[in-house]
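Residue numbers for the sequence shown follow our numbering, beginning at 776 and rising by one.
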Amino acid sequence: MVSEYSKSGVDLNKLRSYHSFISSYLSSSNLPIKIGHYAGAVKLGDKYIVMHVDGVGTKTLLALKTGIIEPTGVDCVAMNVNDIACVGAKPIALVDYLALEKPMDDVVEKVVRGLKHGAEESQAIIVGGETAIMPGVITGYDLSCSVVGVADKLKTGQDVKPGDVILGLASNGIHSNGYSLVRKLIDEGKIRLEKWADELLKPTKIYSNSVLSVLDKIKAAAHITGGSFTKLRRITNYRISIRLPDPPEVFKVIENSGVSHEEMHKVFNMGVGMVLFVSKENVEEIIKILEGKEKVMELGKVEEGEGIKITTYKGQVLNL
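1. Under 8 Å: do the region 874-885 and the region 914-921 share three or more Cβ pairs, one atom per stretch?
2. Starting from the C-beta of ILE907, find all residues in its chain whose C-beta is less than 6 Å away, skip the five residues before and the five after it, and write them out in chain order.
3. Give the straight-line distance between the Cα atoms of SER988 and LYS930, rounded to the nearest whole angstrom.
4. May I have a chain-ordered list of the alpha helix (DSSP H) segments no shorter than 4 residues that lie completely inside the region 989-1061?
5. Could you tell me the alpha carbon to alpha carbon distance between GLU969 and LEU990, rounded to whole angstroms?
6. From the DSSP output, in three-state form, read off GLY904 for me.
7. Are the CB atoms of ALA853 and PRO1023 nearer to each other than 8 Å?
8. In the structure shown, what three-state DSSP assignment does LEU1095 receive?
9. Cβ atoms of VAL1071 and ILE1062: under 8 Å apart, would you say?
10. What residues in its chain sit with their C-beta under 8 Å from that of GLY820, if we drop five residues either side in the sequence?
11. Classify LEU918 as helix, strand or coil using the three-state DSSP reduction.
12. Is it buried or exposed, ILE797, if we count other Cβ atoms within 10 angstroms and call 16 or more buried?
13. Roughly how far, in whole angstroms, is the beta-carbon of TYR954 from the beta-carbon of LYS834, given that I think they are within contact range, below 8 Å?
14. Less than 8 Å separating the beta-carbons of LYS1041 and LYS782?
15. Provide the residue span of the beta strand (DSSP E) that contains ILE1085, from first to last.
16. Which class does ALA853 belong to by DSSP, given the choice of helix, strand or coil?
17. Rank ILE843, ASN1057, LEU1019 and ILE859 by C-alpha distance to the C-alpha of ALA945 and give the top, closest one.
18. Closer than 6 Å by C-beta to GLU1079: which residues in its own chain qualify, once you throw out the five before and the five after it? Chain order, please.
19. Tell me, please, whether the region 992-1012 touches the region 1031-1047 by the rule of three or more beta-carbon pairs shorter than 8 Å.
20. So VAL828 and ASP850 are in contact, right, with Cβ under 8 Å, and what is the actual spacing, rounded?
21. What are the boundary residues of the alpha helix (DSSP H) that includes GLU1078?
22. Provide the residue(s) that pair with TYR823 in DSSP beta bridges, ordered along the chain.
23. Going by beta carbon distance, what residues of the same chain come within less than 8 Å of ARG1009, once the five residues before and after it are set aside?
24. Answer yes or no: do VAL957 and ILE1029 have a C-beta to C-beta separation smaller than 8 Å?
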């Protein structure tokens, strides 16, 4: 059966094949992190310099349609600083890339405001970037960032083992993934944009400060973005078994618009924006440290075997 996401123009299987080709073609035995993880790194003295690049995707088209543009600047920062925090790096500096279909004064002003807000929240500095006007290449605007961070020790998930507990940090919405599908449902009249615009344009939550505050007490972290919970395969080959709580209403609205229950868990974060892998003895302390900053949920555990087993809020069991 063809997925709704594929019908919207995004083929996740094809995208994974591209990722696999790029990783195998460019990988080097000298790299401390294999290409395809949440970020890349090089060793410099006794530190690791960590880099990543990511963008906002087609959420920008919905931002233009609604006029709610500033949050996409925050999205751009969040998608990058959250990812490098997953490998143990503190964000230091960012550069942005803003490409416009035509001169758009309002877009530039609001995007820059969002970028500044996201950088301040994540304690990173924007040191430059590129702005281009590219008619015929860009529709609307495209926005991405590159981040550089530093780590004393890398967190790659290699010491995750059966018995470890899996904690989830709540999301504040659908963040920055799945918007080609959301826009398709809006265009088909299945989601009322005027009712859900503010919810759909909420900026991606910045988790980097929270993750770094418990870095010495966790074994690994996973940012739940494109591909949703299939991203957990980056962390460990052991079996991951989780039970998800009741998600925010926006996810139910999307599902009730014609997306299968299984596909929802392959595309959207379903209310969980970051996953932490921790030793059982550290669970209570981590929850205490994050209290007041994050809604922390105990989702499940790492088990012997392979695969990702999700028990959804409907009680259905999905094997991803």
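Where a beta carbon is used, it is the ideal one built from N, C-alpha and C, also for glycine.
Only a predicted model underlies this, so the values are computations on that prediction, with no experimental measurement involved.
The relevant details are as follows:
1. Taking 8 Å as the limit for Cβ pairs, the verdict is that the region 914-921 does touch the region 874-885.
2. Here residue 907 refers to the residue found at position 132 of the sequence shown. Looking at the sequence provided, one finds Ala at residue 907 rather than Ile. So the list reads ALA874, once near-sequence residues are dropped.
3. For this step, residue 988 is matched to residue 213 along the sequence shown. For this step, residue 930 is matched to residue 155 along the sequence shown. Each residue's Cα considered, the two are about 14 Å apart.
4. List check, alpha helix (DSSP H) in window: 1024-1031 and 1036-1042.
5. Along the sequence shown, read from residue 1 onward, the residue named residue 969 stands at position 194. Along the sequence shown, read from residue 1 onward, the residue named residue 990 stands at position 215. Using only the alpha carbons, I get a separation of about 41 Å.
6. Sequence index remark: in the sequence shown, residue 904 carries index 129 (1-based). Reduced to three states, the DSSP call for GLY904 is strand.
7. Here residue 853 refers to the residue found at position 78 when the sequence shown is read from its first residue. Here residue 1023 refers to the residue found at position 248 when the sequence shown is read from its first residue. Contact flag unset, no.
8. Within the sequence shown, residue 1095 is the residue found at index 320, counting from 1. DSSP places LEU1095 in coil when its eight states are reduced to three.
9. Position 287 of the sequence shown, counting from 1, holds the residue named residue 1062. Position 296 of the sequence shown, counting from 1, holds the residue named residue 1071. Result yes, Cβ atoms of ILE1062 and VAL1071 sit closer than 8 Å.
10. Position 45 of the sequence shown, counted from the start, is the residue given in the question as residue 820. Excluding positions up to five away in sequence, the list is empty.
11. Numbered from its first residue, the sequence shown carries residue 918 at position 143. The answer is strand: DSSP assigns LEU918 an E or B state.
12. Translated into the one-based positions of the sequence shown, residue 797 becomes position 22. Exposed: under 16 other Cβ atoms inside 10 Å.
13. As a first step, residue 954 must be located in the sequence shown, where it is residue number 179. As a first step, residue 834 must be located in the sequence shown, where it is residue number 59. So it is a contact: roughly 4 Å between Cβ atoms.
14. Taking the sequence shown and counting its residues from 1, the one referred to as residue 1041 is at position 266. Taking the sequence shown and counting its residues from 1, the one referred to as residue 782 is at position 7. Going by beta carbons, LYS1041 and LYS782 fall outside the 8 Å limit.
15. In the sequence shown, counting from the first residue as 1, residue 1085 sits at position 310. Counting along the chain, the beta strand (DSSP E) containing ILE1085 begins and ends at 1083-1086.
16. Translated into the one-based positions of the sequence shown, residue 853 becomes position 78. Correct three-state label for ALA853: helix.
17. Reading the sequence shown from its first residue, position 170 is the one you call residue 945. Nearest of ILE843, ASN1057, LEU1019 and ILE859 to ALA945, Cα basis: LEU1019.
18. Start at 1 with the first residue of the sequence shown, and residue 1079 comes out as number 304. Around GLU1079: PRO937.
19. The region 992-1012 vs the region 1031-1047: in contact.
20. Taking the first residue of the sequence shown as 1, we reach residue 828 at position 53. Taking the first residue of the sequence shown as 1, we reach residue 850 at position 75. Not really, about 14 Å apart at Cβ, beyond 8 Å.
21. Looking up residue 1078 in the sequence shown gives position 303. No alpha helix (DSSP H) contains GLU1078, which is instead part of the beta strand (DSSP E) from 1071-1078.
22. Your numbering for residue 823 matches position 48 in the sequence shown. Note: TYR823 sits in a beta bridge opposite LYS818 and ALA926.
23. On the sequence shown, position 234 is the one that residue 1009 refers to. Excluding residues within five positions, the ones whose Cβ falls inside 8 Å are GLY811, HIS812, TYR813, GLY932 and ALA997.
24. In the sequence shown, residue 957 corresponds to position 182, counting from 1. In the sequence shown, residue 1029 corresponds to position 254, counting from 1. It is a contact, given that the beta carbons lie within the stated cut-off.
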